[in-house]
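Heads up: the sequence shown at position 260 corresponds to 265 in the working numbering, and the numbers run straight through without jumps.
Step one of this worksheet: look at the structure below.
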Amino acid sequence: MAVIPVIMAGGSGSRLWPMSREHFPKQFLNLYGNNSMLQETVNRLADIECTAPLILCNEKHRFIVAEQLRQLDILANNIILEPIGRNTAPAIALAAIQSLNSADDAYDPILLVLAADHLIKDQQAFTNAINSAIPFAESGKLVTFGIVPNAPETGYGYIHRGSELDASRDGEKAYCVNRFVEKPNVNVAKSYLESGEYYWNSGMFMFSARRYLSELKLSRPDIYDACVASMNDVRGDLDFIRINNDEFRQCPSDSIDYAIMEKTSDAVVIPMDAGWNDVGSWSSLWEISDKDACGNVSRGDVILNESHNNYVSAESVLVSTIGVDNLVIIQTKDAILVSSKDKVQDVKSIVEELKLCGRKEYSTHREVYRPWGQYDSIDDGDGYQVKKLLIRPGERLSTQMHHHRAEHWIVVSGTAKVTNAEREFLITENESTFIPIGAIHSLENPGKVDLELIEIRSGKYLDEDDIIRLSDKYGRVDGGGYD
């Protein structure tokens, strides 16, 4: 049977603010290694015989996901968009139904369900555990991967193993699932660790598509029916798979654990000891990262003097410390967080305060991804905004006009094809053009390299909803601004 990876890329990751935000959460960040966590999850599949993955993500993250898959050269109409979060049971059902589309009745692929925001240090141990699960999934079992615990962790749910099953393909041990247990207190967690019979619940699974749907239909027919109805009106949109929004909004919300795994009699747990971490806080990231002789972890332009056991990340400016210990210092282009390591779980309270105050820093970064590229909001003030735009080769912004603002475009690198009212012309490095208020205009990159330019807006009203979009290659005729 074919193995189809299903990567869950939803979630907001507010505990890693200010780097992780509602519109750019942790799964899209480079927190450990050379790629984003989503890209690392995809690359982790290199030694497993499988197809290109299906990615499930929120509508608002679609351009980020598409860009990161494009960088890996695996962007192929494989992004399922969820109009609203309904937890893991419905999301996996959407992927299962999609995997069976245009297939004969006997086709029943194996789904490998992974989270996009997990870190795995031991690639070989991960691969061995995944390969060992395939025979069980092929025989109709629902496999979950239990992380071998190394501490009495109170922040995870646990899986209690039952009787041992016959050896798997790679000789890895496998057990019937006795029960799932909620997050314990520290004394109970210590007893779990000492017994050697409990594993952390990783949120990774393997089963056949039809087996999963049959279990869902049995235990949660309301979710099953809503997901089937949602997938009856699937339509393509660039590299995205759009489901029926109205039907999916009627779907109940539930996790795969509650909806299926805790109810089925065919659950199997395979232990995984692969250096797994869900990177749930800045302190956990400090714990797993390489440290200097003073116990510090530093990323970016950082100078540490007489400082110990700190996690310091600088995105765009120099950050220096003198005589500080056990701190987390995170600098982004528009925010700075300073916290003691033992208080980082309270970062969510800062995010909530920002949200209540209506501040954009809780949700968006200065840099925003769009289907044509990305832009960085460099500066703004009374009557002006300055943005840096990067437009990929062959891409273009919509044909549009503005009632309240004029724009100056200055090309930094590459070549721009500009439509300005009745004129169409090219401008290149160190050249500029002016778009007056009310002029119908568009911007395109006709070249083979990225186009970078500075856009200066001026006027009394500069918000993104000052736009009349006349045509758009990405189908976004309605709506405002760069969306």
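Cβ coordinates follow ideal geometry from the N, Cα and C atoms, glycine included.
Tell me the DSSP bridge mates of residue i?
| i | result |
| --- | --- |
| Trp-287 | Partner(s): none; Trp-287 has no beta bridge. |
| Met-236 | Looking at the DSSP assignment, Met-236 forms no beta bridge with any residue, so it has no partner. |
| Thr-438 | Trp-414 |
| Pro-495 | No answer is possible for residue 495: the residues shown for the chain start at 6 and end at 488. |
| Leu-61 | Met-13 and Ile-85 |
| Asp-306 | Note: Asp-306 sits in no beta bridge, so no partner. |
| Phe-210 | Val-118 and Thr-149 |
| Asp-384 | Val-391 |
| Asp-271 | For Asp-271, which the question treats as bridged, DSSP gives no partner whatsoever. |
| Ser-325 | Ile-308 |
| Trp-281 | Ile-125 |
| Ser-476 | Thr-404 |
Which residues mark the beginning and the end of the alpha helix (DSSP H) in which residue i is found?
| i | result |
| --- | --- |
| Ser-224 | 214-224 |
| Gln-129 | 128-143 |
| Ile-355 | 352-361 |
| Tyr-197 | 191-200 |
| Arg-26 | Element bounds for Arg-26: n/a, residue is neither H nor E. |
| Phe-68 | 67-76 |
| Leu-43 | 42-48 |
| Phe-253 | 250-254 |
For a quick check, are the C-beta atoms of residue i and residue j less than 8 Å apart?
| i | j | result |
| --- | --- | --- |
| Leu-99 | Leu-61 | yes |
| Ile-228 | Cys-256 | yes |
| Leu-124 | Ile-293 | yes |
| Asp-9 | Cys-55 | For clarity, residue 9 is Ile in the given sequence; the question names Asp instead. Against a cut-off of 8 Å, the Cβ pair of Cys-55 and Ile-9 comes out as a contact. |
| Tyr-489 | Leu-170 | It is not possible to answer for residue 489, since the shown part of the chain is limited to 6 through 488. |
| Ser-303 | Asp-330 | no |
| Ile-188 | Thr-149 | Here residue 188 turns out to be Lys, not Ile, going by the sequence shown. No. |
| Ile-440 | Trp-414 | yes |
| Glu-460 | Leu-394 | yes |
| Ile-261 | Phe-210 | yes |
| Asp-259 | Asn-92 | yes |
| His-165 | Val-193 | no |
| Tyr-389 | Arg-474 | no |
| Leu-218 | Ala-101 | yes |
| Ala-71 | Leu-80 | yes |
Near residue i, which residues of its chain fall below 7 Å by C-beta distance, leaving aside the five closest residues on each side in sequence?
| i | result |
| --- | --- |
| Leu-34 | Met-24, Ser-25, Ser-41 and Met-42 |
| Arg-397 | Trp-377, Gly-378, Asn-450 and Asp-455 |
| His-407 | Ile-442, Asp-471 and Ile-472 |
| Val-191 | Pro-157 and Thr-159 |
| Leu-36 | Met-42, Val-284 and Leu-290 |
| Gly-452 | Pro-398, Gly-419 and Thr-420 |
On the premise that residue j lies in contact with residue i, defined as a C-beta separation below 8 Å, what is that separation, rounded to the nearest angstrom?
| i | j | result |
| --- | --- | --- |
| Val-324 | Asp-306 | 7 Å |
| Tyr-374 | Lys-392 | So it is not a contact: roughly 14 Å between Cβ atoms. |
| Glu-400 | Val-416 | Not confirmed; about 15 Å, so no contact. |
| Ser-207 | Ile-152 | 5 Å |
| Gly-464 | His-409 | 5 Å |
| Asn-136 | Ile-53 | 7 Å |
| Asp-31 | Gly-15 | Checking the sequence shown, residue 31 turns out to be Lys, not Asp. Not a contact, Cβ separation roughly 12 Å. |
| Pro-95 | Cys-232 | 5 Å |
| Asp-339 | Arg-364 | So it is not a contact: roughly 10 Å between Cβ atoms. |
| Phe-448 | Ala-421 | The question names Phe, but residue 448 in the sequence shown is Leu. Yes, they are in contact, since the Cβ atoms of Leu-448 and Ala-421 sit about 6 Å apart, within 8 Å. |
| Thr-326 | Leu-342 | Actually they do not touch by this definition, with Cβ atoms about 14 Å apart. |
| Ser-196 | Met-6 | Wrong, their Cβ atoms sit about 39 Å apart, outside the cutoff. |
Who are the Cβ neighbours of residue i in its own chain at under 6 Å, not counting the five residues just before and after it?
| i | result |
| --- | --- |
| Ala-279 | Ile-125, Asp-127, Ala-130 and Phe-131 |
| Asp-283 | His-123 |
| Ala-272 | Leu-147, Val-182 and Met-266 |
| Tyr-487 | Summary for Tyr-487: the model assigns pLDDT 43, below 50, so the residue's position carries little reliability, and this model does not support an answer. |
| Trp-291 | Val-302 and Tyr-316 |
| Gly-300 | His-313 and Asn-314 |
Closer than 8 Å by C-beta to residue i: which residues in its own chain qualify, once you throw out the five before and the five after it? Chain order, please.
| i | result |
| --- | --- |
| Gln-103 | Leu-59, Ile-85, Met-236, Val-239 and Ile-246 |
| Asp-351 | Ser-344 |
| Glu-87 | Gly-15, Leu-61, Cys-62, Asn-63, Glu-64, Ala-96, Leu-99, Ile-248 and Phe-253 |
| Thr-369 | Arg-26, Glu-27, His-28 and Phe-29 |
| Ser-286 | Arg-20, Leu-21, Val-349, Gln-350 and Val-352 |
| Ala-411 | Phe-439, Ile-440, Pro-441, Ile-442, Arg-462, Ser-463 and Gly-464 |
Terminal residues of the continuous beta strand (DSSP E) containing residue i?
| i | result |
| --- | --- |
| Leu-119 | 115-120 |
| Ala-421 | 421-425 |
| Ala-319 | 316-319 |
| Thr-369 | That residue, Thr-369, is in no beta strand (DSSP E); it is neither H nor E in DSSP. |
| Ser-345 | 341-345 |
| Val-333 | 332-336 |
| Val-186 | 180-186 |
| Ser-104 | First-last for Ser-104: 93-104, but that is the alpha helix (DSSP H), not the beta strand (DSSP E). |
| Arg-397 | It is not in any beta strand (DSSP E) - Arg-397 carries neither H nor E in the DSSP assignment. |
So is residue i in contact with chain D if we call contact Cβ pairs under 8 Å?
| i | result |
| --- | --- |
| Glu-64 | Absent from the structure: chain D. Only one protein chain is present. |
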